[in-house]
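These notes are about the structure you will find just below.
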Amino acid sequence: MLQRSERYTVNTDTLTIRAVTTSDAGQFWCRGEREKRPNSSQSSSVSLTVKDSPTSTLTVTPYSPVFTGERVILKCVIESHSNWRYVWYKGSVMLQSSERYTVNTDTLTIRGATESDQDQFWCRGQRDERPNSSQSSSAVPVTVKDSPTSTLTVTPDSPVFTGERVSLKCEIESYSNWRYEWHKDSVMLQTSERYTVNRDTLTITAVTTSDAGQFWCRGQRDKRPNSSQSSSVPVTVKDSPTSTLTVTPDSPVFTGERVSLKCVIESRSNWRYEWYKDSVMLQTSERYTVNTDTLTIRGATESDQDQFWCRGQRDERPKLSQSSSVSLTVTDLPTSTLTVTPDSPVFTGERVILTCEIESYSNWRYEWYKGSVMLQTSERYTVNKDTLTIRGATESDQGQFWCRGQRDERPNSSQSSSVSLTVTGVSPSVSLVVRPSRSQHFSSDSLSLSCEDQRNSAGWTVRRYTDRNTEDCSKLSGSTCRLVSLSTSDAGVYWCQSESGEKSHRLKISVHDGDVILESSVDPVIEGHTLTLHCLHRSTNSPILRADFYKDGSLVQNQTTGEMIITTVSKSHEGFYYCKTERGQSLHSWISVREKKENHADLEQHGEKEENHADLEQHLVSRSGQISVYNILSFLLAACPYLLATVVLLYKYYRARVPSTEDQSQYAVTEEET
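The sequence shown begins at 1 in UniProt numbering and counts up one residue at a time.
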């Protein structure tokens with residue numbers, strides 16, 4: 001028998017079940033009793049069946065997390081029945097259509113998600129017929145993340161003056177493939193007579209007071225996050241500022257520098273100064289020192305990058321003077337990049353050139369280090385400003401090399417990362433022969449690389465090094481590698497290697513998809529010899545009639561024959577060469593110049609005889625400048641032995657200038673692709 005309880009309410013002839021559940025299913029019956037006859041009446045039993053209410057399912061588009069500013073759609077799906085009225089909840093709060101939310105039957109739309117929208121969302125259905133209520137959906141969390149930050153920088157710093165050229169740059173911190181929009185106040189800007197829009201850069205050619213306003217940028221892309229909007233940056237245009245805020249040293253400042261900001265009010269006196277970083281008033285602290293008209297930042301960091309401005313107040317009129325804000329930009333010190341030519345690993349005996357490149361500024365003094373030891377010019381090393389040369393590398397040269405630049409002006413220091421130099425053994429008896437004999441090749445052309453030894457090339461394998469790994473040539477036949485249809489993936493550093501691990505000097509092969517290559521010998525040029533460079537076109541594989549030739553980025557010759565000839569090569573001609581035509585530009589090739597290999601004793605003897613020869617010529621001329629018969633006879637008798645010795649020496653010298661196959665294998669042209 002049922003009594004009043006938390007679940008049931010008994011009220012005379014009525015039994016109420018509050019919020020029925022499946023446990024309430026069963027047979028219910030009632031009985032009436034009274035004191036008079038008839039004193040009892042019992043009903044038949046009635047079966048109560050309890051079914052689950054319809055299920056509500058909540059879906060979120062786009063999937064969580066969502067990004068600030070995105071449009072979020074939540075949909076409530078009830079599996080059965082119709083004519084539902086939907087109720088939406090955020091946490092425990094029922095939602096109605098408002099400025100932020102749009103409730104449209106089974107859909108809730110959040111217009112421009114913000115961090116405040118982050119919560120548990122759920123829905124429930126109601127209707128007039130039974131079942132008149134659905135189960136509440138499971139709560140679905142909506143997580144809102146900040147969209148990628150867009151930073152807008154203005155050059156020169158605001159305020160700007162009429163007539164100046166102003167560049168605004170929009171930098172988005174992450175993701176890629178952004179399309180940029182530029183806005184001034186509420187107007188989207190396009191390229192016009194006044195403005196030039198070039199992707200992430202907006203340029204005002206000659207600013208006027210009408211250009212003053214709030215500028216902001218927005219990035220859009222196809223994938224999520226698909227939008228990023230910068231904060232607006234004010235551009236103020238003034239004719240003549242009354243209050244001037246100066247920054248020492250000039251912005252941009254470099255990390256670690258001491259920065260002083262001075263507020264100069266051009267007239268009146270007895271000013272009390274207030275200093276602001278954006279909207280926050282600054283007081284003396286661990287980072288800042290406020291001393292009347294001067295604000296000092298001790299050791300600038302990136303967190304100090306902001307808009308600074310000052311305000312003066314006094315008791316008399318005028319009582320207020322406020323400066324325009326000045327943008328303080330804090331940047332890292334200039335980057336030093338250390339490059340090694342040829343690429344590591346290098347082989348014993350090779351000439352190694354390390355170049356220290358500092359990305360900006362000038363008048364650097366360079367210091368060179370191996371490990372912790374500073375290097376000076378010596379028998380092994382030549383230090384020449386931004387270049388360190390190792391003459392004939394050995395295993396003792398292996399180690400960590402780095403460079404540092406110093407100068408008197410700001411920034412006054414820049415240090416590179418260390419670069420590891422590895423030196424490996426090399427076999428002087430084998431050479432790698434390239435056919436056709438050049439370093440640059442067109443894609444789809446054929447190429448043959450052979451290991452050729454003066455004695456026996458059996459057992460030698462052509463190997464190559466790419467950016468990823470070291471491997472054997474994929475098209476190897478014996479000691480020859482034949483590449484039938486070249487592609488850019490075939491580019492790399494090639495050398496010969498024996499079964500015992502001996503290695504030849506290496507050659508860098510470049511493959512160009514373009515229409516123009518530079519034809520040059522794969523071997524180093526010997527001092528005094530002739531260097532000929534051709535600019536070849538893919539369609540004809542012959543020299544182009546007109547080509548410009550460059551060395552180390554500078555134009556050296558403008559030729560109408562498609563070739564450049566240096567008749568007598570010296571060490572000064574060593575460097576990176578490339579050619580450019582109307583049809584395209586070649587890759588860069590490193591042209592190496594090899595010193596003449598002469599016998600030292602022969603050279604000394606040759607030098608002594610040259611001096612004696614010069615002395616004899618000097619005695620031919622008398623004090624009066626006239627030549628006597630006696631002097632001529634004396635000269636002929638004395639000069640004959642020397643002339644004979646000179647002929648012998650010249651013959652030896654000629655033989656020494658012809659490099660053997662063994663010598664040629666020790667040198668290679670190193671190239672650098674553009």
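The C-beta atom is built at its ideal place from N, Cα and C for all residues, glycine as well.
- request: Give a yes or no on whether the C-beta atoms belonging to GLN415 and ARG407 are separated by under 7 Å.
  value: no
query: From GLU173, ARG179, LEU168, pick the residue whose C-alpha is nearest to that of TYR195; which is it?
result: LEU168
- request: Determine the direct distance from the alpha carbon of SER344 to that of ARG380, and round the result to whole angstroms.
  value: 18 Å
- prompt: How big is the Cα-Cα spacing for GLN585 and TRP368?
  reply: 34 Å
- request: Determine, using beta carbons only, whether SER231 and GLN220 come nearer to each other than 7 Å.
  value: no
- prompt: How many Å lie between THR236 and TRP178 at the Cα?
  reply: 28 Å
message: Taking only three categories from DSSP, how would you classify SER573?
response: For the sequence presented, residue 573 should be read as His rather than Ser. If DSSP states are grouped into helix, strand and coil, HIS573 belongs with the helices.
message: If I measure Cβ to Cβ from ASP185 and keep anything under 6 Å in the same chain, skipping five residues before and after, which residues do I get?
response: GLY213, GLN214
query: In or out: SER176 buried (at least 16 other Cβ within 10 Å) or exposed?
result: exposed
query: Should LYS277 go down as buried or exposed, given a rule of 16 or more other Cβ atoms within 10 Å for buried?
result: buried
message: For GLU499 and CYS481, I'd like the C-alpha separation in whole angstroms.
response: 16 Å
query: Do GLU171 and THR151 have their CB atoms nearer than 7 Å?
result: yes
Under 7 Å between C-beta atoms of VAL352 and ALA393: yes
- prompt: With which residues is CYS451 paired in a DSSP beta bridge?
  reply: LEU432
task: Have a look at ARG85, VAL166, GLY112, THR102 and flag the residue whose alpha-carbon is nearest the alpha-carbon of SER134.
output: ARG85
query: Considering only residues of the segment 12-67, which uninterrupted beta strand (DSSP E) runs meet the minimum length of 3 residues and lie entirely inside it, listed in chain order?
result: 14-17, 26-28, 31-33, 40-42, 46-48, 56-61
query: Three-state secondary structure (DSSP) at GLU582?
result: coil
message: Please classify TYR8 as buried or exposed, where buried requires at least 16 neighbouring CB atoms within 10 angstroms.
response: exposed
query: Where does the unbroken beta strand (DSSP E) through VAL493 begin, and where does it stop?
result: 492-498
field: Whole-angstrom distance between THR530 and PHE549, CA atom to CA atom
entry: 16 Å
task: Indicate whether VAL207 and VAL160 have their beta-carbon atoms separated by less than 7 Å.
output: yes
- prompt: Can you give the Cα-Cα distance for THR205 and SER158, rounded to whole angstroms?
  reply: 15 Å
- request: Could you please give the first and the last residue of the uninterrupted beta strand (DSSP E) stretch that includes LYS385?
  value: Looking at the DSSP string, LYS385 is not in any beta strand (DSSP E), and its letter there is neither H nor E.
query: Do SER327 and GLN313 have their CB atoms nearer than 7 Å?
result: no
- prompt: Buried or exposed: where does residue 697 fall if 16 or more other Cβ atoms within 10 Å of its Cβ makes it buried?
  reply: In this structure the chain extends from 1 to 674, so residue 697 is not present and cannot be described.
message: Can you tell me which residues form a DSSP beta bridge with MET374?
response: TYR369
- prompt: Taking Cβ positions, are GLY562 and ALA547 nearer each other than 7 Å?
  reply: yes
query: Less than 7 Å separating the beta-carbons of GLU274 and THR242?
result: no
query: Taking the Cβ atom as the reference point for each residue, do LYS385 and TYR366 lie within a distance shorter than 7 Å?
result: yes
task: For the beta strand (DSSP E) containing GLY399, list its first residue and its last residue.
output: 399-406
field: Length at least 4, wholly inside the UniProt domain "Ig-like" (148-236): the alpha helix (DSSP H) runs in chain order
entry: none
- prompt: Since LEU486 contacts LEU533 with CB under 8 Å, what's their CB separation in whole angstroms?
  reply: About 21 Å separates the two Cβ atoms, so there is no contact after all.
- prompt: Grouping DSSP H, G and I as helix and E and B as strand, with all else coil, what is ASP119?
  reply: strand
- request: Name the two residues that bound the continuous beta strand (DSSP E) containing GLY312.
  value: 306-313
- prompt: DSSP beta-bridge partners for THR289?
  reply: THR296
message: Can you tell me whether GLU395 is helix, strand or coil according to DSSP?
response: helix
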